[in-house]
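S.K.:
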């Protein structure tokens, strides 16, 4: 995805003019290359370190393995192979680390620093980290798909290991000693006899503009002192004390504030607007009307808000019905999905069942449109000076955003500088890119001064790209022994990825008088997939089930804009598959955990399933009872994307009979995400995933009628509050030192939904197959 | 435009603004403070929570004209990144943040609890934190952080200095 945004000069250097080598001794390159291979690998370790294992056979980004057979470099080094794009060491021994990934609240900055610090043998606090910035960092596409540790963590690990080798080589040369006799400590290399030189001193007259070779072995995980340990997140102190932590907090000199007035409905057409009165309001600097794109710029934030409400009142719209009336009447995303045309592709086609079929079950499941629902509405600041734009944005992909803005503004890519600045958590493609486009358009309308735009709550609820609805149908057969002998599955879903890259992906661009058309949405191929992500059960891919047929029905045109929401289709598919596994186990009187174990071969999958069950106390569990309350337990497992992190969980729920309210009493989760860099960071991600997915599963549904979005605030679209979160949430981590990073951010989304639904079934006998789980049905018991 | 004399975190401020301007924008834009956040403007999420005398309020709903002589306290008044206050330290120790956008509001909501209830039960903490939303799902850690701060406070000053 991000390869399309690769920009390089003819000499292979990054084309960004502002990213230059600091030191320029031309002759040094030859010396470096000549020295390189001569050094012994540190500590005699093999290249096993961060490399192998599940990577190649399971189809994980092959680059995770250092110098693998395909010739690909590890992680994002394959796209950006120059060491000085990742690590810079100045003469004063300042060490700067660069990543194209962005902090989204997932703690990636801290984890990446740990990786680099481990290899460079310095405390993380000595390092300066620069994140996603189109003038300064590598282009690593989007910070998405639980890919950051695989892509950037792996790249930094190998780049830093090679820099260490370079430094050791230079020191060995300077001191005329065997490099194996040298010790690195906090930016200084020491000889056995007490001589020393800093990294910066060693590099004077040399530079790190060297091609990565992926051959310098990372440190043996057994010797790690920084990676693999808990390290407090570097961003938290500012966030708890009112420091400047977010793009919302940027206050640039002479900055002005803007608000956009969106059409009242997706299909609304502007009949007219009288801007004269708005222009006279206090503090108003400019009113912008371009097609259906209406905005006001003012000298203060609240003045901009007041003026925007006046502008909204001054605008006259027609609001044709553009959403399918039948689906809208029922508020039924599933009906809408069923009505859409699709492009069908078979993603699994196994042999026919050859065992005797004893029992066949069928079921259909659905999920609705759901929100990313950031707590802080999206925000951006943009400034146009001398034909050049600077945009501070919490986009997940500054390079793709830059390309889209270039098209939108009719400017060259080199005239647009996008700087990632943290925002409120996004959980996928929310309105971050859209508000950046708003700010850029308004900066063009009001050149010179920085323009800050923040969306209002109702903008965020009604106009963010929604998580895509899905419908699935499944039919499976069991033999007399209760083994699955056939699996038929269909998934229908609108796009899960309409991210920028093109101007037409930006909301405002589609509202201009000369609108940009969204480019045709495309399905993502397996094995990662999108709507069909995790559409093939792991019980087929790495289990005994072979007979079956699985079809992905991609629906390119949805009447409401949809895009990537944390885990994409895995949420709906894992909900469906793991609910159905429960149905199959129940129909054949088998224990749900034992039933899963009987259908898995991968030892790592078996271990997370056993661990979660054991931590929960699955065997020997007794149903607690209380007046008016029903208790039940549920289990679920998935390997995210069938090639990333393994996650199994058991939950116990309590259902209040009078109200249908579900409380999660406790949850036990077991996770294997490969080598762990920051255990507490992984726990935080998994805990958050469980709670967020519980919220989706129990409460969340975008409501609409045939004209408009009806759920426009937290009252119309409630999310989980403190009364519904678990009493205890236990996350058990299975560390795999030396195995590839598998990512964690999305691993628990799917299993949580199914585990809760299965527990509700266990509690009250009601099988709920449509998300969110219907509280009225749970109350009524049918 | 009217001049309002506010007392924020113990310091006096004179602010010229429209009387209806919500306290949130006075704090953020006139006083250039970051702690209180805009989340919904509707009193539904708590990202803007600050203390007004001894009560936690949603500053997005409080016009500056009604503040009067009441003391405004924000997360900035509790401590700094280098010298965090009791609750801030507890949130750091529990790593109770993901994106962190809601956290300043959470800390101010918890401030109200700890000032009124010396030894809150876990159920009291949950009930008290209900008005505030977190989207990252950091709830378990937030509850632990408030518990930790309450326990530290209950153990007496200096117990965990």
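Protein chains in written order, with this note's numbering: chain H, 6 to 787; chain W, -12 to 148. All C-beta atoms, glycine included, are put in the ideal place defined by N, C-alpha and C.
At the level of alpha carbons, what is the spacing between residue 60 of chain W and residue 23 of chain W?
M.R.: Near 10 Å, if we compare the C-alpha coordinates of residue 23 of chain W and residue 60 of chain W.
S.K.: Leaving out five residues on either side along the sequence, give the residues of the same chain with a beta carbon under 6 Å from the beta carbon of residue 573 of chain H.
M.R.: 501, 535, 538
S.K.: In angstroms, rounded to a whole number, what distance separates the CA positions of residue 226 of chain H and residue 569 of chain H?
M.R.: 34 Å
S.K.: Check distances from the C-beta atoms of the region 49 to 70 of chain W to those of chain H and list, in chain order, the residues that come in under 7 Å.
M.R.: 61, 62, 63, 66, 67, 68
S.K.: Tell me which residue opens and which closes the alpha helix (DSSP H) that residue 339 of chain H is part of.
M.R.: 338 to 344
S.K.: Taking Cβ positions, are residue 421 of chain H and residue 410 of chain H nearer each other than 7 Å?
M.R.: yes
S.K.: Please give the ranges of any beta strand (DSSP E) in the region 663 to 747 of chain H, keeping only runs that are unbroken, at least 3 residues long and fully inside the region.
M.R.: 667 to 677, 733 to 738
S.K.: Please list the terminal residues of the continuous alpha helix (DSSP H) segment that includes residue 117 of chain W.
M.R.: The continuous stretches of alpha helix (DSSP H) do not include residue 117 of chain W, and DSSP gives it neither H nor E.
S.K.: Between which two residues does the alpha helix (DSSP H) harbouring residue 618 of chain H extend?
M.R.: 608 to 621
S.K.: For residue 541 of chain H, I'd like the list of residues in its chain whose CB is within less than 7 Å of its CB, leaving aside the five on either flank, ordered along the chain.
M.R.: Result list for residue 541 of chain H: 352, 353, 555, 647, in chain order.
S.K.: Please report how far the alpha carbon of residue 100 of chain W lies from the alpha carbon of residue 115 of chain W, in whole angstroms.
M.R.: 7 Å
S.K.: Closer than 6 Å by C-beta to residue 499 of chain H: which residues in its own chain qualify, once you throw out the five before and the five after it? Chain order, please.
M.R.: 473, 560, 563, 567
S.K.: Restricting to Cα atoms, I'd like to know which of W/15, W/-7, W/131 is closest to residue 108 of chain W.
M.R.: W/131
S.K.: Just by C-beta distance, which residues in the region 501 to 532 of chain H are closer than 7 Å to chain W?
M.R.: Residues passing the 7 Å Cβ filter: none.
S.K.: Could you compute how far the alpha carbon of residue 634 of chain H sits from the alpha carbon of residue 645 of chain H?
M.R.: 34 Å
S.K.: With 7 Å as the threshold, decide whether the Cβ of residue 468 of chain H is near any Cβ in chain W.
M.R.: no
S.K.: Please decide whether residue 370 of chain H counts as near chain W, where near means a Cβ-Cβ distance under 7 Å.
M.R.: no
S.K.: Can you tell me whether residue 85 of chain H sits near the ligand FAD, meaning its C-beta is under 6 Å from at least one heavy atom of the ligand?
M.R.: The model depicted lacks the ligand FAD and carries no ligand whatsoever.
S.K.: Would you mind sorting residue 3 of chain W into buried or exposed? The rule is 16 or more other CB atoms within 10 Å of its CB.
M.R.: exposed
S.K.: If residue 120 of chain W sits next to residue 33 of chain W, beta carbons under 8 Å apart, how far is it from one beta carbon to the other, in whole angstroms?
M.R.: 6 Å
S.K.: I need the DSSP call for residue 102 of chain W, collapsed to helix, strand or coil.
M.R.: Three-state result, residue 102 of chain W: helix.
S.K.: If I measure Cβ to Cβ from residue 105 of chain W and keep anything under 7 Å in the same chain, skipping five residues before and after, which residues do I get?
M.R.: 141
S.K.: The beta strand (DSSP E) that contains residue 370 of chain H, what's its start and end?
M.R.: 364 to 372
S.K.: Does residue 311 of chain H come out as helix, strand or coil in the three-state DSSP assignment?
M.R.: helix
S.K.: Taking a cut of 9 Å between CB atoms, which residues from the region 243 to 268 of chain H lie near chain W?
M.R.: 243, 244, 245, 246, 247, 248, 249, 250, 251, 253, 254, 256, 262
S.K.: Look up residue 38 of chain H in the DSSP assignment and say whether it is helix, strand or coil.
M.R.: Confidence at residue 38 of chain H is low in this model, with a pLDDT of 32, below 50, so its placement is unreliable and the value that follows should be read with caution. Looking at residue 38 of chain H - three-state DSSP - the assignment turns out to be helix.
S.K.: State buried or exposed for residue 7 of chain W, treating a residue as buried only when at least 16 other CB atoms are found within 10 Å of its CB.
M.R.: exposed
S.K.: Tell me which residues share the same chain as residue 606 of chain H and place their Cβ nearer than 6 Å to its Cβ, disregarding the 5 neighbours each side in the sequence.
M.R.: 547, 548
S.K.: Would you mind working out which of H/233, H/170, H/764, H/124 sits nearest residue 658 of chain H, comparing C-alpha positions?
M.R.: Here the closest residue by C-alpha is H/764.
S.K.: Using only the alpha-carbon positions, how far apart do residue 33 of chain H and residue 222 of chain H sit?
M.R.: In this prediction, residue 33 of chain H has a pLDDT of 32, which is less than 50 and means its spatial position is unreliable; nothing more can be read from the coordinates.
S.K.: In this structure, how does DSSP classify residue 147 of chain H when only helix, strand and coil are distinguished?
M.R.: coil
S.K.: Name the residue from H/715, H/700, H/714 whose alpha carbon lies nearest to the alpha carbon of residue 776 of chain H.
M.R.: H/700
S.K.: If you compare alpha carbons, which of H/649, H/365, H/745, H/675 is closest to residue 4 of chain H?
M.R.: Nothing in the structure corresponds to residue 4 of chain H, since chain H is present only between 6 and 787.
S.K.: With burial defined as no fewer than 16 other Cβ atoms inside 10 Å of the residue's Cβ, what is the status of residue 626 of chain H: buried or exposed?
M.R.: exposed
S.K.: Could you check if residue -7 of chain W is buried or exposed, using at least 16 other CB atoms within 10 Å of its CB as the buried criterion?
M.R.: buried
S.K.: Please determine, among H/732, H/207, H/400, H/416, the residue with the shortest C-alpha to C-alpha distance to residue 435 of chain H.
M.R.: H/400
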